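Working notes, structure below.
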Amino acid sequence: MGQDQKYYDVDDYLRWKRSQGKNNKIAPRPNLLAATNWLRKFFDARKTNWAAMGSLAMLCLGARREIPDIHVVYDDKDFQRIRMKLETDPRVRLPKDMNSMFSSKLLISTGPKHNDAGCTENADIEVEMIPPGSHGTPPSDILRNNQAMLSLNLNGKITNIKGLNILYLVNTTVHICTSSDLLWDPKKDLVWLCRKYGKEIQSIRAQLNARQVKENFLGTAFFSALSAEEQRLCYHVLLGKEPPPSMFLTP
Numbered sequence: 053m054g055q056d057q058k059y060y061d062v063d064d065y066l067r068w069k070r071s072q073g074k075n076n077k078i079a080p081r082p083n084l085l086a087a088t089n090w091l092r093k094f095f096d097a098r099k100t101n102w103a104a105m106g107s108l109a110m111l112c113l114g115a116r117r118e119i120p121d122i123h124v125v126y127d128d129k130d131f132q133r134i135r136m137k138l139e140t141d142p143r144v145r146l147p148k149d150m151n152s153m154f155s156s157k158l159l160i161s162t163g164p165k166h167n168d169a170g171c172t173e174n175a176d177i178e179v180e181m182i183p184p185g186s187h188g189t190p191p192s193d194i195l196r197n198n199q200a201m202l203s204l205n206l207n208g209k210i211t212n213i214k215g216l217n218i219l220y221l222v223n224t225t226v227h228i229c230t231s232s233d234l235l236w237d238p239k240k241d242l243v244w245l246c247r248k249y250g251k252e253i254q255s256i257r258a259q260l261n262a263r264q265v266k267e268n269f270l271g272t273a274f275f276s277a278l279s280a281e282e283q284r285l286c287y288h289v290l291l292g293k294e295p296p297p298s299m300f301l302t303p
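Here you go:
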């Protein structure tokens, strides 16, 4: 792959995605699993600490929604070595001006041309590599202490996947509620997490940023459109109290 093909312009790519609108096709699940398997092997072979968040973590936890991309936090102390390895991998396209201080959106090629199991078509999978301490992730010195072992069925085999613990999974999900270039809505994930992992979230809610929870989630038009039962559930789980009575008034 030549240098002009190895790197891409992120702004141009995002503009193209937005122009597609509803025609922006989500890659088949086998392609996402192939990218996940490649990513796991890439990091583990280099003994680089990493953890799933976003769509991949939700998939591991059992969420039944479309999974259009992969988000991971990784230990960036070996950034230069990691970038050099990525530059030589034929599967990977890198963003121009890739920088260890900011998240990097990789495009991972998957499909029959790579003999990926279960894939019937070729597709690029977006992988957002996030440095520790940004987007609500734990700083590098406490990343390892805030992980949980998740599991995922990869090619018929249950495989362990490192993920963020419930505190930082909720924290990062709240943080990215303000992102505008996602193909999925983190606010829907928060409702699902409150339903399925309410007790676990209640045990750590004192460590959450209550103001950010209100601004990014509880105070949004999306939340106002939820049923009264869902609003009460999320308020109880995330803040330990009833929602304001005004939320239930009919305009």
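Start counting the sequence shown at 53; every next residue gets the next number (this note's numbering).
Every residue, glycine too, gets a C-beta built ideally from N, C-alpha and C.
Quantities reported herein were computed from a predicted structural model and do not represent experimental measurements.
Nearest neighbour of residue i, chosen from the options [CA to CA]
i, options, result
"GLY208", "ASN89, HIS123, THR272 and TRP68", "ASN89"
"GLY292", "ILE256, GLN264, THR272 and GLU267", "ILE256"
"LEU84", "SER107, ASN101 and LEU66", "SER107"
"SER192", "ASP237, TYR220 and ASN268", "TYR220"
"TYR126", "GLU281, ARG135 and GLN259", "ARG135"
"TYR59", "PRO120, GLU180, ASP149 and THR230", "ASP149"
"VAL179", "SER71, TRP68, ASP64 and PRO120", "PRO120"
"ALA115", "ALA86, SER279 and VAL243", "VAL243"
"VAL265", "ASN75, ALA277 and THR224", "THR224"
"THR100", "LEU66, GLN132, ARG145 and LEU158", "GLN132"
"TYR65", "GLU139, ARG145, MET105 and ALA262", "ARG145"
"SER231", "PHE269, ALA262, ASN197 and ALA258", "PHE269"
"ALA258", "ALA277, ILE218, ASN76 and VAL124", "ILE218"
"MET105", "SER276, GLU281, HIS187 and GLU267", "HIS187"
"GLN57", "GLN72, LEU158 and SER71", "LEU158"
Chain-order list of residues whose beta-carbon lies under 7 Å from that of residue i (same chain, five-residue window excluded)
i, result
"ILE210", "SER203"
"PRO295", "GLN283, ARG284 and TYR287"
"MET153", "PRO183"
"ILE78", "GLU118, PRO120 and LEU235"
"ALA87", "ILE122, ILE160, THR162, ILE177 and VAL179"
"ASN212", "MET201 and SER203"
"TRP68", "none"
"GLY54", "Residue placement at GLY54 is poorly supported in this model, since its pLDDT is 42, which falls under 50; the coordinates still yield a value, given next. Around GLY54: no qualifying Cβ."
"ALA277", "none"
"GLY185", "PRO191 and SER192"
"ASN198", "PRO190, LEU216, ASN217, LEU219 and TYR220"
Sheet register partners of residue i (DSSP bridge)
i, result
"ASP121", "GLU178"
"MET201", "LYS214"
"MET105", "HIS123"
"ARG263", "None, per the DSSP bridge assignment."
"ARG98", "Paired residue(s): none; ARG98 is not in a bridge."
"PRO147", "TYR60"
"SER161", "ASP176"
"LEU206", "LYS209"
"ASN156", "The amino acid occupying residue 156 in the given sequence is Ser; Asn does not appear at that position. Partner(s): MET181."
Contacting residues, own chain, Cβ-Cβ under 6 Å from residue i (five flanking each side not counted)
i, result
"MET110", "ASP241"
"LEU245", "none"
"ASN174", "GLY163 and LYS165"
"PRO303", "Residue confidence is low: PRO303 scores 45 on pLDDT, short of 50, so the model does not pin down where it sits. No coordinate-derived value is stated."
"SER156", "PRO147, MET150 and MET181"
Beta carbon of residue i nearer than 9 Å to that of residue j
i, j, result
"LEU113", "LYS248", "yes"
"PHE274", "LYS251", "no"
"ASP233", "PRO147", "no"
"ILE304", "VAL222", "Within the shown structure, residues of the chain are numbered from 53 to 303, placing residue 304 beyond reach of any answer."
"PRO80", "THR172", "yes"
"ARG117", "TRP236", "yes"
"LEU206", "ALA103", "no"
"ALA200", "PRO82", "no"
"LEU260", "LEU290", "yes"
"PHE95", "ASP141", "no"
"CYS229", "THR189", "no"
"ARG98", "LYS137", "yes"
Sequence-distant residues of its chain with Cβ nearer than 8 Å to residue i (five each side left out)
i, result
"ARG143", "TRP90, ILE160, SER161, THR162 and HIS166"
"ASN76", "LYS69 and LEU235"
Check: residue i C-beta below 8 Å from any heavy atom of the ligand SAH
i, result
"SER71", "This structure lacks the ligand SAH; in fact it carries no ligand of any kind."
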